[in-house]
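Accompanying notes for the structure given below.
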Amino acid sequence: MNRPWLLWIPLAVVAFIGGLAIYGLAVPKDDQVHSAMIGKKLPAFALPAATAGVPALSNTDMADGKPRLLNIFASWCLPCKAEAPHLETLKAAGVEIDAIAVRDKPEDVAAFLAEFGNPFRRIGSDSEMAVQLMLGSSGVPETYVIGGDGTILFQHIGDIRAEHVPMLIEKVNAAK
Amino acid sequence: MIAEAGLAALWLAAAMALLQFVGGLTLLRGGAGQLVPLIKPAAYVQGGLCAFAFFALMWLFYVTDLSVLLVASNSHIDKPMIFKLAGTWGNHEGSMLLWVAVLSVSGAAIAFFEKRIDAKTLYATLAVQGFIALGFFAFLLFASNPFERLVPAPLEGAGLNPLLQDVGLAFHPPTLYMGYVGLSIAFSFAVGALLTNQVGPAFARAMRPWVLTAWIFLTIGIAAGSYWAYYELGWGGWWFWDPVENASLMPWLAATALLHSVSVLATRNALRAWTIMLALVAFAMSMAGTFLVRSGILTSVHAFAVDPERGAFILALMLIYTSIAFVIFALRIGTVKQGEPFQLVSREGGIVANNIFLSVILAIVLIGTLYPLAAEAMGDKISVGPPYFNKATVPVMLLLMVALLIGPMLRWRRDALMRIKYWLIGAAAILVCGGLAAWKMAPDTRLFPLLGIALSLALAVAAWLPLRGRKLLRTPLPIFGMVIAHFGIAVSVFGMAEESGFSKETLTALAPGESAEIAGWKVKLDDVKPVLGDNWVAVEGEMVASKNGDTFILRPQSRQFFKPEMQTSEAALLTRWNGQLYAVIAQPDQEGDGRWQVRLWWKPYVTFIWYGGILIALGGTISLFGRMFRRAKKPAINKWERA
Amino acid sequence: MRAFAPILLALSVPVFAQGSGPTPPLANRQLADPAQEAQAMRLMHSLRCIQCQGQSIADSDAAMAGTMRAEVRQQIAAGQKPQAIRSWMIDRYGEWVSFEPDMKGVGLLLWVAPFFIFVASIWLARGLFRRRT
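Have a look at this one:
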């Protein structure tokens, strides 16, 4: 063999794959699918009210000059129940929250609000998940920070825990 | 008591593996060799002890001894006996014990039967085998002890994943494992021959039955897994290019290439270094496959027993074995003399083409499977799936088919295409006519299915031509094996091309009494009723399918399992000689309108995919028996054999 | 057994954690034009389901996959090109949503590699044949 270095290629390939595998084991896998809409304007939508007594939601409702949170939830979703108290805390801290209820029925939403309180200004009903798709959202619950001009600034995937509350308040304030 | 005996047997067996390894090592390092007489007995005792340990575990499952943790967490007193026994290997610990047992028994068999290679190479092979076994003993004893006790013993046992209570799936993983063990033995032979500088026809003939056995098991395992996914996932797909599927395909590709190159080495004493290389790659791929499946570092539809910690252990073993082997390869392969020469147009040339194409496909599958992980390390999240794999591999597969049309017709060493010009013209004629006929029937078909159909028709004829001019009764069985396996490839590719090019699909929603049409079939949904299973409830649709006056009943189910909670579609399949009608009942369509989502497919010749797989495995088996039989009759004499 | 039947029927309605709502009609219905449907189907097989373990949206029972199928069929029916719909999805979920990476940027190597390996292996094998017999 006149090119001895070629013989070491297999070992190099093994080393590369080994390195990749060690990386795969060591770094926790990010299973979340993040929205690619961050930094873009909210898509145009107009959702009907999710339940009686709380106004409906359209994209123009959120472009009134005031930054706020957009919470995506559902009455059938367990983590949504867990995050409800933290949404109350956020509301108490002066953060305005709009919401989208996914694949939900008016009576179920009403029961959910009755049990866990209503921190929301408006709730739109996304029964076919069409708006979720437009937002690049991958599940419930999710919370977006929306700028005063209707720009999507930040996406939080999963339920809001106590430790996320100050971070979200800061994001909303920073957008002011 | 039996559990403790099994555990003790494993420890003793590990000591035997160590003895085997150290004995071989001292011999290779030029030591006095006092341990050498112990190597073979150590292999026998190791094989016996491991077989005992495995049957001890099987006994514990047979009597459902719930004081053993593994039995308690994987079996149940009320389970049918076949699943109780299948529980022995239907879990991580048991399957590893099965692996080690088969490895050790194979080692004993090599020590006892193998007379073709010289003693030093045999000892080196057994030493490498002992080294591999040691790693797996460590894994078994330190990280996955199958005999661990549970105090206090429970009363019933937990059961087995409902999806795994399926006869097909109970035998699918051990089948693949048999293949992996076979490849590990080929690896031991290759490293042994490399260490003692004995890479030649005798070594190739000793290694070949193990490669062939491994390859037969892998073929069966992949075909069975594919059929299982086809009827269980409920969308009519039979290959998804999922990481777990790719993990089983890669060793098969390497084993297929190895199978061909090893026969060149055995009969013509050429492709020496390359055969060694393939033997190392094949085992590396089987370890990598096991790692990918167990570690769960790649997202898969088929992820069952995922455990990152054990994945790390397998990764460590894989890196140790393969990097040591490739270092030995790089250092020693220079001492392997170049083999006998041959020309481009020759049987060897055809097999080199086969090896190149298979290796390229293997590389593409490997790159495509790992690429998302590499991209993630660079900070990008991307997916690589079926569209990529199809576009990248199918052209190479078609080239492989072309090589297969010509290669087996050629003579060893050197040949002229002119000699077989009539066949070449005939093949081209079949290709063009078949392609045109398929295109005429469905003008908007894409290129790949058309080429696949044309090539498989030509190959279906070409595969038999090596028998031409031979006295059939005196033809060696391996030739029959080759012919049947190549014909199986034609059958399988025909099924794949027909399915991907000509399937018909009807997606609809039906209320009882309504019907839908597909490919000339009328399918009427007669009734929808609930069905109760052991740990599931289902809705079952009763459908009547009719065509040309024949009527058949189909009963697809949509099952809801409780523990763990999951939903599965049990498709109903109506098999005709020229295809399958595939019916699925899914969810209620809209609330309150009484309709059910119904999915219907007509899949022409889809069964050929698996018939072809069976033929391929059958060809391999005939070839294997042929070699064993012939060997028993007369020892092969070869002019390249050293005296 | 018979006494259980009514309970069973209630249970057998999927109680997936996906809530309930109208399924968009085009999620599980084909387009009337077979050519358009074939186009949509090919695209759906190349888009990854957001809520699944590595399935395409064409092979999944998840609610979101249904919504995405409906979106694809709607846009195809409205005369959109598949490539444009694919970009529309990527604009929302990033490159991850496509099973077929672009032939540029991070995906470039993936597409170049097969050609490179093919040529390299032929080049390596070339030496085998040059020797005289």
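Line by line, the protein sequences give chains R, W and H.
Taking the working numbering, the leading residue of the first sequence gets 128, the next gets one more, and so forth.
Taking the working numbering, the leading residue of the second sequence gets 104, the next gets one more, and so forth.
Taking the working numbering, the leading residue of the third sequence gets 19, the next gets one more, and so forth.
Beta carbons: idealized from backbone N, C-alpha and C, even for Gly.
Keep in mind that this is a model prediction, so the values were computed, not measured.
Going by the CB atoms, is the gap between residue j and residue i shorter than 8 angstroms?
{"i": "W:Ile431", "j": "W:Val294", "result": "yes"}
{"i": "W:Ser47", "j": "W:Ile688", "result": "Shown here, chain W extends from 104 to 746; a query on residue 47 of chain W therefore has no answer."}
{"i": "R:Val141", "j": "W:Leu422", "result": "yes"}
{"i": "W:Cys153", "j": "W:Ala108", "result": "no"}
{"i": "W:Leu110", "j": "W:Phe239", "result": "no"}
{"i": "W:Ala360", "j": "W:Leu461", "result": "yes"}
{"i": "W:Pro411", "j": "W:Ser398", "result": "yes"}
{"i": "W:Trp713", "j": "W:Gly682", "result": "no"}
{"i": "R:Ile227", "j": "R:Val258", "result": "yes"}
{"i": "W:Ile719", "j": "W:Ser595", "result": "yes"}
{"i": "R:Glu255", "j": "H:Pro119", "result": "no"}
{"i": "H:Leu65", "j": "H:Ser78", "result": "no"}
{"i": "W:Leu286", "j": "W:Phe216", "result": "no"}
{"i": "H:Asn46", "j": "W:Ala614", "result": "no"}
{"i": "H:Ala104", "j": "R:Met164", "result": "According to the sequence shown, residue 104 of chain H is Arg rather than Ala. It is not a contact, given that the beta carbons lie outside the stated cut-off."}
{"i": "R:Leu214", "j": "R:Met189", "result": "no"}
{"i": "R:Met261", "j": "R:Phe200", "result": "no"}
{"i": "W:Trp342", "j": "W:Glu348", "result": "yes"}
{"i": "W:Trp331", "j": "W:Tyr280", "result": "no"}
{"i": "W:Leu121", "j": "W:Leu298", "result": "no"}
{"i": "W:Arg375", "j": "W:Val302", "result": "yes"}
Any idea which residues DSSP pairs residue i with across the strands?
{"i": "R:Asp253", "result": "R:Val229"}
{"i": "R:His283", "result": "R:Thr270"}
{"i": "W:Ile688", "result": "W:Val701"}
{"i": "R:Asn198", "result": "R:Ala226 and R:Thr270"}
{"i": "W:Leu520", "result": "Paired residue(s): none; W:Leu520 is not in a bridge."}
{"i": "W:Ile656", "result": "W:Val647"}
{"i": "W:Glu608", "result": "W:Trp704"}
{"i": "H:Arg5", "result": "It is not possible to answer for residue 5 of chain H, since the shown part of chain H is limited to 19 through 151."}
{"i": "W:Pro633", "result": "W:Val642"}
{"i": "W:Gly399", "result": "DSSP lists no partner for W:Gly399."}
{"i": "W:Gly176", "result": "The sequence given here places Ser at residue 176 of chain W; Gly does not occur at that position. Answer is none; W:Ser176 lacks a bridge partner."}
{"i": "W:Ser486", "result": "Per DSSP, none; premise fails for W:Ser486."}
{"i": "W:Phe664", "result": "W:Trp639 and W:Met669"}
Name, please, each residue of chain H whose Cβ falls closer than 9 angstroms to the Cβ of residue i.
{"i": "R:Ser162", "result": "Arg110, Tyr111 and Gly112"}
{"i": "R:Ala257", "result": "Pro42, Thr85, Ala88 and Glu89"}
For residue i, return the contacting residues in chain W, with the cut-off set at a CB-CB distance below 8 angstroms.
{"i": "R:Leu147", "result": "Leu473, Leu476, Ala477 and Ala480"}
{"i": "R:Leu306", "result": "Lying outside 128 to 303, the shown extent of chain R, residue 306 of chain R is not represented and no answer is given."}
{"i": "H:Arg47", "result": "Leu610, Thr611 and Ala612"}
{"i": "H:Ile103", "result": "Those do not exist, as H:Ile103 stays about 14 angstroms from chain W at its closest Cβ, beyond 8 angstroms."}
Using the beta-carbon of each residue, which ones in chain R are nearer than 7 angstroms to residue i?
{"i": "H:Glu89", "result": "Leu260"}
{"i": "H:Met62", "result": "Chain R residues near H:Met62: none, gap ~14 angstroms exceeds 7 angstroms."}
{"i": "H:Leu68", "result": "Looking at the sequence provided, one finds Ile at residue 68 of chain H rather than Leu. What H:Ile68 touches in chain R: Val160 and Ser265."}
{"i": "W:Ile436", "result": "Leu134"}
Can you tell me the Cβ-Cβ gap for residue i and residue j, rounded? I've got them flagged as a contact below 8 angstroms.
{"i": "W:Phe292", "j": "W:Ala309", "result": "6 angstroms"}
{"i": "W:Gly150", "j": "W:Gly210", "result": "6 angstroms"}
{"i": "W:Ser198", "j": "W:Pro140", "result": "At roughly 35 angstroms, the Cβ-Cβ gap does not stay under 8 angstroms, so W:Ser198 and W:Pro140 are not in contact."}
{"i": "H:Ile135", "j": "R:Val160", "result": "In fact, because the Cβ distance is near 31 angstroms, the residues do not count as touching under 8 angstroms."}
{"i": "W:Arg516", "j": "W:Phe445", "result": "5 angstroms"}
{"i": "R:Ile273", "j": "R:Leu197", "result": "5 angstroms"}
{"i": "W:Val174", "j": "W:Phe186", "result": "Not quite, the Cβ-Cβ distance comes to about 13 angstroms (not below 8 angstroms), so this is no contact."}
{"i": "W:Gly510", "j": "W:Gly453", "result": "2 angstroms"}
Going along chain H in order, which residues have a C-beta closer than 7 angstroms to the C-beta of residue i?
{"i": "R:Ser254", "result": "Gly39 and Pro40"}
Could you tell me which chain R residues have their CB closer than 9 angstroms to the CB of residue i, listed as they occur along the chain?
{"i": "W:Met390", "result": "Ordered by position in chain R, no residue passes the 9 angstroms Cβ test against W:Met390, which lies about 10 angstroms from the chain."}
Using a Cβ-based criterion (distance less than 7 angstroms to any ligand heavy atom), does residue i qualify as near the ligand MG?
{"i": "W:Tyr283", "result": "Within the structure as shown, the ligand MG is missing, as the structure has no ligands at all."}
Output, in chain order, the set of chain H residues within a Cβ distance shorter than 8 angstroms of residue i.
{"i": "W:Gln683", "result": "Neighbours of W:Gln683 on chain H: none; closest Cβ ~17 angstroms, over 8 angstroms."}
Mind pulling the chain R residues with CB within less than 8 angstroms of residue i?
{"i": "W:Ile220", "result": "Those do not exist, as W:Ile220 stays about 24 angstroms from chain R at its closest Cβ, beyond 8 angstroms."}
Under 8 angstroms between beta-carbons, which chain A residues line up against residue i? List them in chain order, please.
{"i": "R:Trp203", "result": "No chain A is present in this structure, whose protein chains are R, W and H."}
List, in order along the chain, the chain W residues whose C-beta lies closer than 9 angstroms to that of residue i?
{"i": "H:Asp77", "result": "Leu336, Gly337, Trp338, Gly339, Gly340, Phe343 and Val404"}
Would you say the segment 358 to 377 of chain W touches the segment 470 to 489 of chain W, given that touching needs at least three Cβ pairs under 8 angstroms? Under the three-pair Cβ rule at 8 angstroms, the segment 358 to 377 of chain W does not count as touching the segment 470 to 489 of chain W.
Taking one C-beta from the segment 615 to 632 of chain W and one from the segment 561 to 579 of chain W each time, how about it: are there three or more such pairs within less than 8 angstroms? no
Count the C-beta pairs between the segment 171 to 181 of chain R and the segment 250 to 267 of chain R that are closer than 8 angstroms, then say yes if the count reaches three, no if not. yes
Contact between the segment 582 to 589 of chain W and the segment 521 to 541 of chain W is defined here as three or more beta-carbon pairs at a separation below 8 angstroms; is this criterion met? no
Specify whether the segment 463 to 472 of chain W and the segment 536 to 556 of chain W touch according to this definition: at least 3 beta carbon pairs, one from each stretch, less than 8 angstroms apart. no
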